[in-house]
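Novice:
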Amino acid sequence: ELERKNVSLKRVNFHFEESRLDKKNVVFHLHPNGNGFVYASGIKGYKTDDKGMVNIREFSAEELRSVIEKSIDLLSQEEVVAPVEPAKEEEWQNEDGHILTLISEDDMWNVYAGVNLDGTFNSYPEAAEYLDEEGFSRK
């Protein structure tokens, strides 16, 4: 699964070319004496440096295989992008009890009457002014 890349001073790097992240280095500067690093950023149980690498000098062969497998699993996962901010939603009601919902979506403010889109506005103040003019107030 890993591609060997020889580097200076008899050290070797191993890359995971199928990585779904920009990071491809799984094993970094592996020296014939057993010293080197494995990418383990975010894997529980490993103390990593600021680059997400864990020193493997004291690892047994089994521990080394395990951390490499976990690193490959980590680099194989789809990157999940969390929303920066959840959509803001407000209910507005008029004197007759009708309810309109104001929702922030994709940098716009949309007013819904049930599931039907009633209007789209560039800013919150613009949407609030419209709702106020139509006789609605925030619940």
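Each residue of the sequence shown is one higher than the one before, counting from 421 in this note's numbering. For glycine and all other residues, C-beta sits at the position ideal for the given N, C-alpha and C. Predicted, not measured: the structure shown is a model, and the values here were computed from it.
Would Y544 pass as an interface residue toward chain C - the criterion being a Cβ-Cβ separation below 8 Å?
Specialist: Absent from the structure: chain C. Only one protein chain is present.
Novice: The alpha helix (DSSP H) that contains D493, what's its start and end?
Specialist: Taking the first residue of the sequence shown as 1, we reach residue 493 at position 73. It spans 481-496 - the alpha helix (DSSP H) in which D493 sits, taken as one unbroken run.
Novice: Who are the Cβ neighbours of Q513 in its own chain at under 6 Å, not counting the five residues just before and after it?
Specialist: Position 93 of the sequence shown holds residue 513. Cβ within range, chain order: I519, K559.
Novice: Considering only C-alpha positions, which residue in the set V535, K508, N536 is nearest to M528?
Specialist: Taking the sequence shown and counting its residues from 1, the one referred to as residue 528 is at position 108. Of the listed residues, the one whose Cα sits closest to M528 is K508.
Novice: Determine the DSSP secondary structure at L551, reduced to helix, strand or coil.
Specialist: Here residue 551 refers to the residue found at position 131 when the sequence shown is read from its first residue. Helix.
Novice: Quick one: what's R410 bridged to in DSSP?
Specialist: The chain is shown only over 421 to 559; residue 410 falls outside these bounds and no answer can be derived.
Novice: In this structure, does DSSP put E515 in helix, strand or coil?
Specialist: On the sequence shown, residue 515 is found 95 positions in, with the first residue counted as 1. Three-state result, E515: coil.
Novice: Taking the straight line between their C-alpha atoms, what separation do you get for E515 and F556?
Specialist: The residue you call residue 515 lines up with position 95 of the sequence shown. The residue you call residue 556 lines up with position 136 of the sequence shown. Their backbone Cα atoms lie some 8 Å apart in a straight line.
Novice: At which residues does the beta strand (DSSP E) containing G456 begin and terminate?
Specialist: Here residue 456 refers to the residue found at position 36 of the sequence shown. No beta strand (DSSP E) contains G456, which DSSP labels as neither H nor E.
Novice: Have a look at the DSSP bridge pairing and note the partners of L520.
Specialist: One-based indexing of the sequence shown puts residue 520 at position 100. Answer is W512.
Novice: Please state the DSSP three-state secondary structure of E478.
Specialist: Residue mapping note: residue 478 aligns to position 58 of the sequence shown, counting from 1. Residue state, collapsed to three classes: coil.
Novice: Rounded to the nearest angstrom, what separates R477 and E498 at their Cα positions?
Specialist: The residue given as residue 477 occupies position 57 in the sequence shown. The residue given as residue 498 occupies position 78 in the sequence shown. Roughly 30 Å between the two C-alpha positions.
Novice: What span of residues does the beta strand (DSSP E) with G539 cover, start to end?
Specialist: For the purposes of this step, residue 539 is taken as residue 119 along the sequence shown, with counting starting at 1. That run of the beta strand (DSSP E) goes 536-541.
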